[in-house]
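One structure below.
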Amino acid sequence: MIVIFKILQVILALSLLIVIHELGHFTFAKLFGIRVDKFFLFFDAGGFKHFSSKESRWFTRLFPKAAQAETEYGIGWLPLGGYCKICGMIDESLDLEQMKSEPKPWEFRTKKAWKRLLVMAGGVLYNFLFAIFAYVLILAIWGRTYISNEDSAIYVNDLAYEMGFRSGDRILAMDDYRPEDFSMLQADLARRSVHKVSVLRDSDTLELYIDQAMIGDVLSSPLMFDLAVPFVVDSVMSSSPNSRAGLRRGDRIVALDGEAVPYLQDSRPILAALADSSVNASIVRGADTLSLPLQVDTAGRLGVYMKAPPIRRQSYNLLTAIPAGFKMTFESISGYLNDLKLVATPSTRAYKSVGSFIAIGQVFPSAWDWYRFMEILAMLSIMLGVMNLIPIPALDGGHILFTLYEMLTGRKPSERFLLAAQMIGMFLLLALMFLAFGNDIGRLMN
24 MIVIFKILQV ILALSLLIVI HELGHFTFAK LFGIRVDKFF LFFDAGGFKH
74 FSSKESRWFT RLFPKAAQAE TEYGIGWLPL GGYCKICGMI DESLDLEQMK
124 SEPKPWEFRT KKAWKRLLVM AGGVLYNFLF AIFAYVLILA IWGRTYISNE
174 DSAIYVNDLA YEMGFRSGDR ILAMDDYRPE DFSMLQADLA RRSVHKVSVL
224 RDSDTLELYI DQAMIGDVLS SPLMFDLAVP FVVDSVMSSS PNSRAGLRRG
274 DRIVALDGEA VPYLQDSRPI LAALADSSVN ASIVRGADTL SLPLQVDTAG
324 RLGVYMKAPP IRRQSYNLLT AIPAGFKMTF ESISGYLNDL KLVATPSTRA
374 YKSVGSFIAI GQVFPSAWDW YRFMEILAML SIMLGVMNLI PIPALDGGHI
424 LFTLYEMLTG RKPSERFLLA AQMIGMFLLL ALMFLAFGND IGRLMN
């Protein structure tokens, strides 16, 4: 049931973003008097479609004039995106018959280069504008909540340990950058191609030099920097087997059966092995160290609430949320561009982290959450916009590149060249899709 719910969220999110993207092309085309033949969510390959404003009988009965309208609106059967078929343009529809006729005043190919450029950039522009809108809405309603890196220590996995980090380190700087959001430490390490990390270990400041050959491993290593959580008791559950054991708020458990547990993560394998039995806990209370016998439940837990991590909250009103929303959008665009740079660098092996709809589905929550849904929508909108800027002929970036070439040189690429480029671009996109699905399947199997 959870899988189905996540699939529905993916379909809803991508459908909304595809419509917004294509609406950008549609708006500018209409603005410049260019005829739009089709506006479709998903592809109607082979002429098969779930809905058509011109062919669905129930719709044409309700709206008789729709059948004679200039644009056909519809939903195709192949859920690999969507398209806006602009008259007189070589696109994914590969409609060559239209291109053989004499150019008409309402066609894309007869318009000035700067107008064609805006039509092609409209989809990306709308994706970025939607991301700004989403972030402004998020900040105005919920504000910004994050774990402060300044007050937090890391708990490392094997990769981080191999790179020289140790549990309990506080990351002070990555080269000249001082991280603020603890949850972004791993992404910052990869995206910024960091060469030197300054850490505070106990009372000493150390400098760790990062082997750039390991950046690919950083991208694929889950929880490289987990939050090091001291085992400090906030309260005891009323249903806990230790409700009368004498635990107090502020008690820090430092050892279990004589085995040191500096952090909560260290206690988990010990407690799991002692499930449904007792354990002798060494507890620091003020200046004293006490020993208390505690009961471990069948799930390997002590039944206590932990002290909350250092969380910072920033509140915004609508006026302050607008510039903050712009800032978050441009920071996200910059971060995703750095991600693409890593993917395009084979030595980083970042291409192994490329994912498809399966990977996208995994980031959605298992229960409806408006905050998370809006946050993911903003992120995906930026990803869709940036991906479409890649100068591959089948994407907007390829069309933009050819139009800029025409504006700079005064020479327009031939229709034959554009057709060949479009077909090559579509082949490259299919190859990228196979890579993404292959990576996802490999991760599921592992």
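To convert, take the position in the sequence shown, counting from 1, and add 23; that gives the numbering used here. The beta carbon of each residue, even a glycine, is placed where N, CA and C say it ideally should be.
Straight-line CA distance for residue i to residue j?
i    : j    : result
S338 : V327 : 31 angstroms
L412 : D419 : 6 angstroms
M24  : L64  : 26 angstroms
I345 : K88  : 41 angstroms
D60  : K108 : 5 angstroms
S315 : V284 : Reading off the sequence, residue 315 comes out as Leu, not Ser. Taking the straight line from one Cα to the other gives about 15 angstroms.
I43  : L152 : 10 angstroms
E398 : N361 : 20 angstroms
Q209 : A163 : 28 angstroms
T426 : L182 : 46 angstroms
G70  : L363 : 35 angstroms
L141 : I177 : 47 angstroms
S243 : G433 : 46 angstroms
R167 : S221 : 27 angstroms
F353 : E203 : 17 angstroms
K81  : S355 : The amino acid occupying residue 81 in the given sequence is Trp; Lys does not appear at that position. Distance between the alpha carbons of W81 and S355 is about 43 angstroms.
A90  : S75  : 9 angstroms
A52  : A196 : 48 angstroms
M351 : R201 : 17 angstroms
D211 : M237 : 14 angstroms
I383 : K29  : 9 angstroms
R215 : V409 : 18 angstroms
I507 : D174 : Any answer about residue 507 is impossible in this case: the structure gives the chain only from 24 up to 469.
L431 : R139 : 14 angstroms
S190 : L223 : 11 angstroms
Which two residues bound the contiguous beta strand (DSSP E) that contains residue i?
i    : result
S221 : K219 to R224
D227 : D227 to Y232
F66  : V59 to F66
R308 : S300 to R308
I238 : Looking at the DSSP string, I238 is not in any beta strand (DSSP E); the run it does join, the alpha helix (DSSP H), is I238 to S243.
A278 : R275 to L279
K72  : K72 to S75
D104 : The question names Asp, yet the displayed sequence has Gly at residue 104. Here the beta strand (DSSP E) through G104 covers L101 to I109.
L250 : F248 to L250
With distances taken between CB atoms, is the gap from residue i to residue j smaller than 7 angstroms?
i    : j    : result
Y149 : A401 : no
P436 : S171 : no
V256 : D274 : yes
M247 : N180 : yes
L403 : L40  : yes
K72  : G99  : yes
L287 : V319 : no
Y169 : R335 : yes
K127 : F55  : no
A213 : V241 : yes
N265 : L325 : yes
V259 : L270 : yes
I405 : A136 : no
A298 : T321 : yes
Would you kindly report the start and end of the unbroken alpha helix (DSSP H) that includes residue i?
i    : result
Q288 : L287 to A296
T83  : R80 to L85
L400 : W393 to N411
Y428 : D419 to T432
D257 : Segment V256 to V259 is the beta strand (DSSP E) holding D257; no alpha helix (DSSP H) there.
L208 : L208 to R214
Practice task
Starting from the N-terminal side, write out each stretch of the beta strand (DSSP E) that is 3 residues or longer and does not extend beyond the segment 114-192.
Solution key: 167-170 and 177-179
Practice task
Any chance you could list the beta strand (DSSP E) runs of at least 3 consecutive residues sitting entirely within the segment 36-60, in chain order?
Solution key: none
Practice task
Entirely within the segment 316-345 and at least 3 residues each: give me those beta strand (DSSP E) ranges in chain order.
Solution key: 327-329 and 334-337
Problem - Inter-stretch contact at 8 angstroms, needing at least 3 Cβ pairs: the segment 44-51 / the segment 140-147 - result: yes
Practice task
Mind the definition here: the segment 221-232 touches the segment 184-199 only if three or more C-beta pairs lie below 8 angstroms; say whether that holds.
Solution key: yes
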